[in-house]
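First the structure, in the form of structure tokens, and then the observations on it.
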Amino acid sequence: MYGRRGLEIEFDDDEDDDDEPFIVDIQVQDESTTLDVSDDQLQETVDKEDTNLPQILAVAFACVLEDTVDQLGTISNMAGLPRIRKKNEEGKIDETLEELKRHIGSGNIFDPEILAPAEEALQYQKLLKFQKDVHLVRDILEQTINNLATLNNFDCLVDKINEYQTKRVQEKNFLESARENREKLENLQKAFDIEKSEAEREIQEKSEEIGKIKDEIENTIFENGVKMRYVSKWENSRTELNNFIIDTTEENYLNKIKTLNTEIEREKRINKEIETYISQTQEEYEDKILEWMERYDTEIEQLDMDIQVIKEKIESQQLKYAEVKNTYEEHRKFVEKWAAYKEKKRKELERRQAIMEAAIVIQSWWRGIMVRNKLGPYGKKGKKK
Numbered sequence: 001m002y003g004r005r006g007l008e009i010e011f012d013d014d015e016d017d018d019d020e021p022f023i024v025d026i027q028v029q030d031e032s033t034t035l036d037v038s039d040d041q042l043q044e045t046v047d048k049e050d051t052n053l054p055q056i057l058a059v060a061f062a063c064v065l066e067d068t069v070d071q072l073g074t075i076s077n078m079a080g081l082p083r084i085r086k087k088n089e090e091g092k093i094d095e096t097l098e099e100l101k102r103h104i105g106s107g108n109i110f111d112p113e114i115l116a117p118a119e120e121a122l123q124y125q126k127l128l129k130f131q132k133d134v135h136l137v138r139d140i141l142e143q144t145i146n147n148l149a150t151l152n153n154f155d156c157l158v159d160k161i162n163e164y165q166t167k168r169v170q171e172k173n174f175l176e177s178a179r180e181n182r183e184k185l186e187n188l189q190k191a192f193d194i195e196k197s198e199a200e201r202e203i204q205e206k207s208e209e210i211g212k213i214k215d216e217i218e219n220t221i222f223e224n225g226v227k228m229r230y231v232s233k234w235e236n237s238r239t240e241l242n243n244f245i246i247d248t249t250e251e252n253y254l255n256k257i258k259t260l261n262t263e264i265e266r267e268k269r270i271n272k273e274i275e276t277y278i279s280q281t282q283e284e285y286e287d288k289i290l291e292w293m294e295r296y297d298t299e300i301e302q303l304d305m306d307i308q309v310i311k312e313k314i315e316s317q318q319l320k321y322a323e324v325k326n327t328y329e330e331h332r333k334f335v336e337k338w339a340a341y342k343e344k345k346r347k348e349l350e351r352r353q354a355i356m357e358a359a360i361v362i363q364s365w366w367r368g369i370m371v372r373n374k375l376g377p378y379g380k381k382g383k384k385k
């Protein structure tokens, strides 16, 4: 029989009623146990071949898990913890989180009107996550108790552990991939900033050189104007030559500026394409996360339905067991009455047999006395006349 703080199992031998029943008492400790799983153990799975247990151990473990489920129920019903099915409250919390994201984007994170609700929203999300984890652990432990009580194994617990380890591996791989993508983005951003700085520096240098050349041109024109009276023809040819050189140099510099502007536009386009790719990749990952969350909710609902069906079957079996037990008790009482009746008849027969034997002995003894003493019919007969 089960107990909240212990387990007592009684074995009774039907063949020998004089022997005392064998009782095993297993005490259940109330201390909680913490299981730490390292990253090296994530890819290890539990072998189902070792899950079958003897009946006594299965019942003992079922009792321990039952006590754990009760403690989890106590924790989930503590004051201050949220209820999972209150969708209106969750909607309000989601709105608060969305408002918090908008304030973060606009730089108003320290707005006193949004800071307190944001803290409450984050705290509520943490408590809600804790409550969901408690309910999930309770469901898994109840399934394990059912397996231990009916099949003497804990296959469902092994399946859940393997599934959890697989999800942990997938989550770890996903986070590692996201980290690598972030590092690549940072490196590309740094390279773009460096190239942009170099291009701006070159443009600045060329602009300074153009300014210097323009100053030189003005000086040259001034000098030519002064010398115009003396060497007009020679200065005209000199001016044309200088103008040709200046125009050629300026055209080269303008071509370089145009080339640099083209390179800058190309770098901007590449940066935009990279940002678009990262956004698309992020959306795909978010879609996958939502898909897994929906799949998780669907599987949890299916498991709840299966548990309800099993509970109904258990209640039906318990009713049948009660009927069989009542029939057994009636037959047992009838057999006991019949055995008592047979015993009474046997004792009555033995008593009559003993009385008969005693009467025969007394009769023989009395007959012997009468014969020896020649009394009664055994006395001396008178002579016939």
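In UniProt numbering, the protein residues as written are 1 to 385. Ideal Cβ placement from N, Cα and C applies to all residues, glycine included.
For the alpha helix (DSSP H) containing residue i, list its first residue and its last residue.
i	result
L65	Q55 to S76
N236	S232 to R372
Assuming residue i and residue j are in contact, meaning their beta carbons sit under 8 Å apart, how far apart are those beta carbons, in whole angstroms?
i	j	result
K206	I257	6 Å
N181	T276	Wrong, their Cβ atoms sit about 14 Å apart, outside the cutoff.
V134	I75	6 Å
Q143	I307	7 Å
L65	I145	5 Å
N255	F192	So it is not a contact: roughly 24 Å between Cβ atoms.
residue 390	A60	The structure shown does not extend to residue 390, since the chain is modelled only from 1 to 385, so the question has no answer here.
N153	L53	6 Å
T220	N236	So it is not a contact: roughly 13 Å between Cβ atoms.
Taking residue i as the reference, give the member of the options with the closest Cα.
i	options	result
A58	I75, N147, Y124 and T74	N147
I161	N173, L141 and E275	L141
I194	W234, S177, N243 and E267	E267
T262	I274, I221, M293 and I203	I203
I56	K190, L151, L188 and K320	L151
I278	A178, E171 and Q165	A178
L188	K288, I274 and E209	I274
E216	I245, I355 and K129	I245
Y164	K184, L175, V226 and L136	L136
T259	T166, E200 and L128	E200
S197	E208, R295 and I264	I264
Alpha helix (DSSP H) segments (min. 4 residues) lying fully within the stretch 153 to 206
Complete alpha helix (DSSP H) runs here, min 4: none at all.
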